[in-house]
Structures are given as structure tokens and as C-alpha cells.
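Residue numbers (our numbering): 694 to 891.
Backbone N, C-alpha and C define an ideal beta-carbon position, used for all residues, glycine too.
This structure is a prediction, so every number in the text was calculated from the model and none was measured.
What follows is a short report on a single structure.
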């Protein structure tokens with residue numbers, strides 16, 4: 694039998710005005726969850742409560758929408774949140790524009806390019822992988838929750854499935870969704886992805 698080292702349930706933050714409008718970027722202090730985002734996190738909590746699984750730690754990215762989402766989950770489990778220094782991708786000159794406007798000429802494949810004053814997708818993926826590896830090392834034998842932005846979940850799945858950055862955008866991760874990955878000694882497995890509780 695395979696010996697699992699760590700199981701991470703990635704939870705995408707709830708909806709915000711930016712995610713609903715298709716605006717690129719996630720600031721540290723803005724945007725916060727909107728009413729739909731709060732409803733999504735309530736549904737996530739109902740799902741987690743019905744499953745009856747205990748989690749050893751709850752982690753969150755530092756931006757407002759992730760932290761607010763994590764607070765709702767932490768209240769359910771009566772736990773404190775551990776805030777990671779894991780920021781969403783720095784989109785440079787793309788920050789604040791609409792995805793549709795960015796995709797007009799080249800389609801979603803443009804996301805694999807590096808924006809001026811921004812972060813390359815390869816660099817972002819390396820940063821995410823390093824942070825996840827640190828979490829796994831600190832949580833051997835644990836089940837943890839990690840509340841992050843959709844792009845971080847895309848990066849984690851792309852790493853497990855060995856997807857090229859050119860194809861990473863094809864992984865759809867909605868707000869208020871759950872993705873679970875089991876990490877073993879020398880390999881990892883995506884258990885489920887982008888599950889949105891009804």
C-alpha cells in the first residue's frame with residue numbers, strides 16, 4: 694500500500710467583484726468577498742461539515758479574499774489560521790485589465806507569457822511548488838486545508854500532472870471550489886478538482 698505523506702484540500706477563495714467581472718489581479722487588501730463569495734464559502738463549510746473529516750491545520754494566502762474565506766472555514770473547525778507568504782502571480786502591466794481584453798489577440802495562451810514588470814509563469818510555478826513542498830515537510834502525516842487563489846490551485850495541479858505552462862490555463866478552477874491532492878513519497882495524485890458544493 695502507498696504511504697501518503699500529506700493530503701492537501703485546496704479551497705479557492707469565494708467570489709469577489711474582480712472575479713465576477715473577469716478583472717486580472719488580486720490585491721492584498723482589496724477586493725474582499727462579495728455576497729456571492731460569502732454564500733460560496735458557507736456551502737464549502739456545509740460540505741466539509743457533512744464529510745466529518747478532521748484537519749490538522751488551516752493555511753491561507755495573505756490577500757483579503759483568501760484570508761476572509763479562511764476565517765469562515767476556521768470558525769467551523771474552531772482553529773486559527775496560519776497565514777503563508779504565498780502571493781498570487783504578479784501580473785505587472787496586466788493587473789487591473791479584463792481577461793477578455795487580454796485574450797482578444799492571442800487567446801488564453803497569452804497567460805504563459807511574461808507581462809512587463811510582472812512574473813513569468815515558470816517563476817510563479819516554482820514559487821508555488823517550493824511553498825507546497827515546505828508545507829508538506831511541516832505536515833507529514835497531516836490533512837490540511839489551504840485557502841488560495843484559483844491560479845495557485847492551477848499551478849499545484851499542473852505540477853502534479855506535469856503540464857507545460859502553455860497548457861496550464863486549461864485547468865478551470867472556479868471560486869468557492871475544492872481540489873484535493875494526496876502527496877506520497879515520490880509522487881502525487883489529484884483526487885478531485887474544482888468541486889463546487891451545491
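Leaving aside the five residues that flank residue 801 on each side, the residues in its chain whose CB is nearer than 6 angstroms to its CB run, in chain order, 862. The shortest CA-to-CA distance from residue 886 to any of 880, 868, 879 is the one to 868. A check of alpha carbon separations from residue 785 across 810, 799, 762 identifies 810 as the nearest.
Counting along the chain, residue 764 sits inside the alpha helix (DSSP H) bounded by residues 757-770. Between residue 766 and residue 704, the C-beta gap is smaller than 8 angstroms, which places the two residues in contact. Selection 870, 776, 821 evaluated against residue 739 yields 870 as nearest (Cα-Cα). Fewer than three Cβ pairs drawn from the stretch 772-779 and the stretch 792-808 lie within less than 8 angstroms of each other, which leaves the two stretches out of contact.
Within the DSSP bridge table, the entry for residue 700 names 836, 875 as partners. The closest CA to that of residue 818, considering only 854, 890, 717, is found on 854. Residue pairing by DSSP places residue 750 opposite 837 in a beta bridge. The Cβ neighbour count for residue 743, taken over all protein chains shown within 10 Å, is under 16; the residue is labelled exposed. By the Cβ-count criterion, residue 734 is buried, with 16 or more other Cβ atoms from all chains shown falling within 10 Å of its own Cβ.
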